[in-house]
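With UniProt numbering as the guide, the letters of the sequence shown map in order to residues 1 to 405. The beta carbon of each residue, even a glycine, is placed where N, CA and C say it ideally should be. Keep in mind the model is a prediction, meaning the values are calculated, not measured.
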Amino acid sequence: MSTIRFFHMADLHLDSPFKGLFGLPEDKLKKIRESTFEAFDKIIHKAVKEKPDFLLIVGDIYDGENRSLQAQRRFQTAMETLFHHNIPVILSYGNHDHLSGSWTRFALPSNVYELPVDTSIVQLKIRGQQVNVYGFSYGERHVKTSMMDTYPVAQDSHAIHIGMLHGSESSDATHAVYAPFKKEQLLEKNYHYWALGHIHKRQLLQQSPPIVYPGNIQSRHRKEQGIKGFYDVTLSQTDVELTFVPTSAVVYNTIEVDCSDVLHANELLTKCEEALAINRQEYGASVVELQLNNIDEQAETLFEHASVEAWLETIREAEERVEPMCWVQKLSVAKSTTTTYEPTVATESVINLIEQWGMPEWKDILKDLYQHAGGARFIEPLTEQDIEHLKINTQALLVDEIQRA
């Protein structure tokens, strides 16, 4: 039985603005802003070296509908490189880089097949094996209706059939639900592989036939933690081999530091440095959140005369010249003991009021932040999960201030 080999990737988000990062030195900020390009370059270098039969890119190549000149030029250059090595590329555009956007256009070489708005088929002949690839590009940003009826049922029993779909399961609320589908609808098409995109978390919805989200190739903020990459796929009509290939240029991670029995400042700093060194060795360049756990009563005194912000700056200074970079974006302190306080009518009424606030009230409270021309593009849209975190953090701050009073 003939086998084929291809790379399945999605959600490149080239030239992402990387929201929520503040206070970085210029060299570290440049490293992070270049990370989507660096991750993509890793894919191209591997393709040139190992010569897969073709590449599938399932939507959101670019981060925005305006497709920056830099991102387009870098992508076009990569496609030219693959052209010179006779490697075809089949791609679709998603909700971020939909075809109704406005951008200065680059011509892509003839090895690149750009799927149109209407679901279409691309046919390849690989060492005598017929391969049919089906898919579409977003004509506008919001494709809310299902596209499943536009995909034909596989008829040719001698061909390998692959579906490309940038969308989400109807029941998945972790992302905006675009081009919704049910797994049963995918299986009804009798394809040998479903190459999905849009969900940034790597996951295998079905083993046989494979229904695969590779995730994005580079994390863009702290909610996208861990190593990112793509799948190297060897496929026949009866078998499949999936190999995940890491591409992250910068890894977002949370590091927990056990501070049991810590008494002096140098002990705490040493524990942080050791934890960061282990993370650096395992992941390379990183953006991390440090969680200081098991802070007992004697360790609490370390924070009486120096704020958490001062500790964060001290840790950053110690890491400033160490390579690869390990930028500590956030420092949190988890105390092993809690101090109780006597509630009053006033404080309880404030907490009860906060509990009653919904999305409109929180939007009104935060409008100055979200409407600020300079900073609004660097923060994520407010979600229900964010609201719950804000409630918890606001109440914790209120209790902390009462305890300090």
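Could you tell me the boundaries of the alpha helix (DSSP H) in which S35 lies? Annotation for S35: the continuous alpha helix (DSSP H) segment containing it runs S35 to E50.
Alpha helix (DSSP H) runs contained entirely in the segment 154-197, provided each spans 4 or more residues: Counting only runs of 4 or more, we get 183-187.
Should the segment 278-298 be called in touch with the segment 56-75, which here means at least 3 C-beta pairs below 8 Å? In short, these stretches do not touch, since the Cβ pair count stays below three.
CB contact flag (A154, L56, <7 Å): Taking 7 Å as the cut-off, the Cβ atoms of A154 and L56 do not count as close.
Compare the C-alpha of Q123 against each of T314, V143 and D53 and name the closest. If you compare the alpha carbons of T314, V143 and D53 with that of Q123, the shortest gap goes to D53.
Are the beta-carbon atoms of C272 and V251 separated by less than 7 Å? Not in contact: C272 and V251 (Cβ atoms no closer than 7 Å).
Length at least 3, wholly inside the segment 240-283: the beta strand (DSSP E) runs in chain order: If we require 3 residues or more, the beta strand (DSSP E) runs fully inside the segment 240-283 come out as 240-246 and 251-258.
On the three-state DSSP scale, how would you describe L99? Under the three-state reduction of DSSP output, L99 falls in the coil class, being neither helix nor strand.
Is the segment 259-266 touching the segment 232-244 in the sense that three or more CB pairs, one from each, lie closer than 8 Å? Judged by Cβ distances under 8 Å, the segment 232-244 makes no contact with the segment 259-266, as fewer than three pairs qualify.
Quick check: the segment 36-54 against the segment 184-195, are at least 3 beta-carbon pairs closer than 8 Å? Per the Cβ contact rule, the segment 184-195 is not in contact with the segment 36-54 (fewer than 3 Cβ pairs under 8 Å).
Length of the line joining the Cα atoms of L14 and V212: L14 and V212 have their C-alpha atoms roughly 21 Å apart.
Please state whether DSSP places T337 in a helix, a strand or coil. Its pLDDT being 49, under 50, T337 is placed unreliably by the model, and the measurement read from it follows with that caveat. T337: coil per DSSP, three-state reduction.
Report all residues from its chain with a CB closer than 7 Å to the CB of L302; omit the five preceding and five following residues, and keep chain order. Contacts found: A265 and L268.
Got a sec: is the Cβ-Cβ distance from K49 to anything in chain C below 7 Å? Absent from the structure: chain C. Only one protein chain is present.
Residues that L56 bridges to, as DSSP identifies them: Answer is H8 and I90.
Element boundaries [alpha helix (DSSP H), containing L312]: Where L312 is concerned, the enclosing alpha helix (DSSP H) stretches over V308 to E319.
Of all the options D60, I4, A78 and A107, which has the alpha carbon lying nearest to the alpha carbon of G128? Minimum Cα distance to G128 is reached at I4.
Per-residue burial, A277 [other beta carbons within 10 Å of its own, 16 or more giving buried]: A277 is classed as exposed because its beta carbon has fewer than 16 other beta carbons within 10 Å across all chains shown.
S16 burial status per 10 Å Cβ neighbour count (16 or more: buried): Looking at its Cβ environment, which holds 16 or more other Cβ atoms inside 10 Å, S16 is buried.
Counting pairs of beta carbons, one from the segment 158-167 and one from the segment 129-136, are three or more of them closer than 8 Å? In this structure the segment 158-167 lies against the segment 129-136, because at least three pairs of beta carbons, one per stretch, are closer than 8 Å.
Going by CA-CA distance only, name the one from T314, A306 and V58 that's closest to A179. The shortest C-alpha separation from A179 is found at V58.
DSSP state of K330, grouped into three classes? When secondary structure is reduced to three states using DSSP, K330 falls in the strand class.
In chain order, what residues of the same chain have a beta carbon less than 7 Å from the beta carbon of K31, not counting five sequence neighbours either side? Here the set comprises V250, A285 and M325.
Pick from F37, T119, D232 and L312 that is closest to T77, judged by C-alpha positions: From the listed residues F37, T119, D232 and L312, the smallest Cα separation to T77 is found for F37.
Counting C-beta neighbours from all protein chains within 10 Å, is the total for H161 16 or more, i.e. buried, or is it exposed? Buried is the call here.
Since H98 and Y138 should fall inside the 8 Å C-beta cutoff, what is the C-beta to C-beta distance between them, to a whole number of angstroms? Yes, they are in contact, since the Cβ atoms of H98 and Y138 sit about 4 Å apart, within 8 Å.
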